[in-house]
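In my numbering, the protein residues as written are 713 to 997.
All residues carry an ideal CB built from backbone N, CA and C; glycine is no exception.
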Amino acid sequence: MRTELVSEPGDPVRPNEDFASVAVPASGQGGALVVLDGVTPPRGETGCLHSVPWFTARLGGALTELTVSLPDVPLVDALARAIARTAEAHAETCDLSHPRTPQATVVLARWSAQAVEYLILSDSALLVESPDGAITPYLDDRLARLPRASLATDAMIDAHIRNKEGGFFTAAADPSVAGRAVTGVLDRGDVRALAALTDGATRWVEKFREGDWGDCFRLLRKVGARELVERVRGLERADAEERTYLGRSKTHDDATVVFAELAFGTGGLAGTVPAAFERTVNLEE
Numbered sequence: 713m714r715t716e717l718v719s720e721p722g723d724p725v726r727p728n729e730d731f732a733s734v735a736v737p738a739s740g741q742g743g744a745l746v747v748l749d750g751v752t753p754p755r756g757e758t759g760c761l762h763s764v765p766w767f768t769a770r771l772g773g774a775l776t777e778l779t780v781s782l783p784d785v786p787l788v789d790a791l792a793r794a795i796a797r798t799a800e801a802h803a804e805t806c807d808l809s810h811p812r813t814p815q816a817t818v819v820l821a822r823w824s825a826q827a828v829e830y831l832i833l834s835d836s837a838l839l840v841e842s843p844d845g846a847i848t849p850y851l852d853d854r855l856a857r858l859p860r861a862s863l864a865t866d867a868m869i870d871a872h873i874r875n876k877e878g879g880f881f882t883a884a885a886d887p888s889v890a891g892r893a894v895t896g897v898l899d900r901g902d903v904r905a906l907a908a909l910t911d912g913a914t915r916w917v918e919k920f921r922e923g924d925w926g927d928c929f930r931l932l933r934k935v936g937a938r939e940l941v942e943r944v945r946g947l948e949r950a951d952a953e954e955r956t957y958l959g960r961s962k963t964h965d966d967a968t969v970v971f972a973e974l975a976f977g978t979g980g981l982a983g984t985v986p987a988a989f990e991r992t993v994n995l996e997e
């Protein structure tokens, strides 16, 4: 019975562009998790004066607040409000219409005594464990389903794929993108634990084929979030030397894993969470 949060940069000399938080209301009833994977832009203009960590810290902070303080507001609306709030923070100084304005993938989950709500936008993952041990992945696989030819150049992606109909969507400056997310509601009794992972951690499944989603969750439960990330790092190092696997733009990527085991009968987290925010990472000014 535990809650874990691990977020590590792909390169120790560069800021971590991921964001993660776990929050519990003052009542101790229910809770929420937020995981963002900031999109590293290519070299060149982005139209924005701010860094990706600046963006993910503000968007993630707004989402953490809104998902807990407004429990009756659907997650789609919470994301739309958080995007709008973040855009307002730099609309006067930056060109938010630029296709490379700071942006991020999103995983949200919120639970109460009755239900577990979820939202996924782009290529991070949410894994749900049922009381019988079955693992169900909830994914937004639009990017993975695109022909590789359509992703050949940054210019092609920006013009035709990124936040475009028939392409894939990320949280940037347009609140309406929230309506493009994969969403759903599960009965609380059907959920024992949750795990949210950015694509730097899902490489264990998606790039290195060490196992399926069920294997990944069971490994996480057995060895913990940090060890899962360390195993990914080991695979990346071996790959960099042997060049066995192809298709990765980075040797290492920022990797974030949040694990939350839910306490039956309370709607809260298993174990003790002494404060409203168990841990929030990457709150860079």
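Just reading off the alpha helix (DSSP H) that residue i is part of, what are its end residues?
i	result
Phe-998	Outside the shown range of the chain, which is 713 to 997, sits residue 998, and nothing can be said about it.
Arg-812	Unbroken run through Arg-812: none, as it is neither H nor E.
Leu-782	First-last for Leu-782: undefined, no H or E at that position.
Ala-885	Here Ala-885 belongs to no alpha helix (DSSP H), and DSSP marks it neither H nor E.
Arg-857	854 to 857
Mapping the DSSP letters down to three states, classify residue i as helix, strand or coil.
i	result
Gly-891	helix
Arg-921	coil
Gly-743	strand
Val-903	coil
Gly-722	coil
Asp-789	helix
Glu-841	strand
Leu-958	Reliability fails at Leu-958, whose pLDDT of 46 lies under 50, so the model's placement of it is uncertain and no value is given.
Ala-803	coil
Pro-849	strand
Phe-880	strand
Ala-821	strand
Asp-911	helix
Val-897	strand
Leu-748	strand
Leu-808	coil
Gly-756	coil
Ala-952	helix
Since I believe residue j is in contact with residue i (beta carbons under 8 angstroms), could you give me their beta-carbon distance rounded to a whole number of angstroms?
i	j	result
Trp-916	Arg-938	Not quite, the Cβ-Cβ distance comes to about 13 angstroms (not below 8 angstroms), so this is no contact.
Leu-778	Ala-794	6 angstroms
Ser-733	Thr-776	5 angstroms
Val-903	Leu-932	In fact, because the Cβ distance is near 16 angstroms, the residues do not count as touching under 8 angstroms.
Ala-884	Val-788	The pair is not a contact, with the Cβ atoms about 16 angstroms apart (cut-off 8 angstroms).
Ala-905	Leu-974	6 angstroms
Gly-750	Asp-730	6 angstroms
Should residue i be labelled buried (16 or more other beta-carbon atoms within 10 Å of its own) or exposed?
i	result
His-802	buried
Val-993	Residue placement at Val-993 is poorly supported in this model, since its pLDDT is 37, which falls under 50; the coordinates are not used for a value here.
Asp-784	exposed
Leu-745	buried
Ser-739	exposed
His-964	buried
Ser-719	buried
Leu-761	exposed
Ser-754	Checking the sequence shown, residue 754 turns out to be Pro, not Ser. Per the 10 Å Cβ criterion, exposed.
Arg-860	exposed
Arg-822	buried
Val-935	exposed
Asp-852	buried
Taking the beta strand (DSSP E) that residue i belongs to, which residues open and close that run?
i	result
Asp-730	730 to 735
Arg-714	Unbroken run through Arg-714: none, as it is neither H nor E.
Leu-863	Looking at the DSSP string, Leu-863 is not in any beta strand (DSSP E), and its letter there is neither H nor E.
Thr-968	967 to 973
Ala-871	Element bounds for Ala-871: n/a, residue is neither H nor E.
Ala-827	827 to 833
- May I ask you to verify whether the region 827 to 845 touches the region 754 to 769, counting CB pairs closer than 8 angstroms and requiring at least 3? Contact between the region 827 to 845 and the region 754 to 769 is absent, because fewer than three Cβ pairs lie under 8 angstroms.
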